[in-house]
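If you're matching them up, the sequences are chains A and B in order. This note's numbering numbers the first residue of the first sequence as 88 and each following residue consecutively. This note's numbering numbers the first residue of the second sequence as 88 and each following residue consecutively. What follows is a set of notes on a single structure, which appears directly below.
2 protein chains.
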Amino acid sequence: MDNEIQEILINNKLSNTEGRRKILELFLSHNGAMAHNDIEKGLGEKIDRVTVYRTLQKFLNKGIIHSIPTSDGSIQYALCKNDCSEGHHHDDHVHFVCRQCGNTVCLDEVNTPTLDLPKGFKPRQVEVIVSGVCKDCNQPRG
Amino acid sequence: MDNEIQEILINNKLSNTEGRRKILELFLSHNGAMAHNDIEKGLGEKIDRVTVYRTLQKFLNKGIIHSIPTSDGSIQYALCKNDCSEGHHHDDHVHFVCRQCGNTVCLDEVNTPTLDLPKGFKPRQVEVIVSGVCKDCNQPRG
DNA sequence: GTAACTGCAAAATATTTGCATCCTT
DNA sequence: AAGGATGCAAATATTTTGCAGTTAC
């Protein structure tokens with residue numbers, strides 16, 4: 088995993104600092120998206136809240152992570168899987184919010200649909216958030 | 088329009104107060120969704136901020152309005168067109184956020200698609216937010 | 001050594017809660 | 001009259017900004 092972290096930082100021309108490493112580590116070890124607050128908690132509050140804000144902002148700009156709006160107003164962040172770059176996201180997968188465990192995950196294998204919009208509307212990006220019960224919570228046992 | 092306002096309030100067993108009337112009036116006269124802040128401004132700040140919060144919350148619960156999460160984290164609110172009722176939204180249309188004018192509108196005529204999710208995921212609601220350039224901003228003239 | 005990053009303090013915003021008063025029915 | 005709605009004050013929570021000290025390269 089360390090390799091992966093270094094790679095991400097180098098590829099994005101970001102200096103290798105503890106905060107960034109810790110936050111990337113958290114993303115890589117956490118399955119699913121996290122809100123700012125989750126991240127802060129997940130770090131054991133060792134990193135200043137402000138640094139977290141700034142780091143997330145930077146990661147967003149660089150295309151390392153993407154943000155997922157959810158209906159309760161919390162913004163979730165998740166790692167971009169591949170070939171996103173500065174100002175150029177390829178973020179065309181569906182997101183799933185589980186009503187039971189609260190987790191938000193990227194369904195990388197489900198692409199956002201092409202929609203037939205009324206005349207005059209020019210779509211640039213389609214964001215799909217599905218809510219329901221996720222695979223894990225849907226298990227009959229355990 | 089007054090009739091419509093009265094009707095909404097009566098149908099939802101809400102007492103007929105100035106704040107509620109004003110906020111409904113604003114929704115009815117405004118084409119598109121509004122964030123909390125827009126609503127406060129739109130009311131000319133005649134109604135207490137707290138009342139706006141509480142009213143929106145109540146309208147949401149009653150199914151008079153629905154909320155639209157957008158990627159910048161602002162929650163937008165829009166009138167439900169029909170047959171939504173308490174805890175029972177029929178809110179299966181697509182939302183469009185214009186990058187030029189910033190407006191968010193409901194595309195009532197475009198239904199949310201049915202998606203093929205991975206095994207185990209049980210969808211309950213599908214939220215689609217399209218961003219791009221809206222009909223109005225796409226006009227070659229004017 | 002220099003530019004970039006961090007943490008702290010504090011400002012600015014946004015949201016929630018308690019309570020006394022007022023309004024609707 | 002009774003219950004609910006409102007406004008105000010204040011408590012909380014969230015996000016942004018400025019700046020001085022520190023770190024990466």
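For glycine and all other residues, C-beta sits at the position ideal for the given N, C-alpha and C. These figures come from a predicted structure and were not determined experimentally.
- With a cutoff of 9 Å on beta-carbon distance, valine 184 of chain B and serine 218 of chain B are scored as near each other.
- Here DSSP, grouped into helix, strand and coil, assigns serine 154 of chain B to strand.
- Aspartate 125 of chain A and serine 102 of chain B have their C-alpha atoms some 40 Å from each other.
- Take isoleucine 110 of chain B, set aside five residues on each side of it, and the residues of its chain with a beta-carbon closer than 8 Å to its own are Ile126, Leu130, Ile134, Val139, Thr142, Leu143 and Phe146, in chain order.
- Straight-line spacing of the CA atoms in aspartate 223 of chain B and alanine 120 of chain B works out to 15 Å.
- Restricting attention to A:Asn98, A:Asp89, A:Leu204 and A:Ser158, the CA atom closest to the CA of glutamate 105 of chain A is found in A:Asp89.
- Proximity of glutamate 214 of chain B to chain A, defined by a Cβ-Cβ separation below 9 Å, is satisfied.
- Of the candidates A:Pro205, A:Ile92 and A:Thr201, the residue whose Cα lies closest to the Cα of arginine 108 of chain A is A:Ile92.
- Interface annotation, phenylalanine 183 of chain B: in contact with chain A, CB-CB separation under 9 Å.
- Counting the other CB atoms within 10 Å of its CB gives serine 161 of chain B a total of 16 or more, which places it among the buried residues.
- When secondary structure is reduced to three states using DSSP, leucine 194 of chain B falls in the strand class.
- Residue contact check for phenylalanine 208 of chain A against chain B: a CB pair falls below 9 Å.
- Taking the CA atoms as reference points, asparagine 225 of chain A sits about 31 Å from aspartate 159 of chain B.
- Taking the Cα positions, alanine 122 of chain B is about 4 Å away from glutamine 163 of chain B.
- Contact annotation for lysine 168 of chain B against chain A: no contact, minimum CB-CB distance about 15 Å [criterion: below 9 Å].
- Assignment of isoleucine 162 of chain B by DSSP, reduced to helix, strand and coil, places it in the strand class.
- Counting C-beta atoms within 10 angstroms of its own C-beta, isoleucine 155 of chain A has 16 or more neighbours from the protein chains shown and is therefore classed as buried.
- Secondary structure of serine 102 of chain B (DSSP, three-state): coil.
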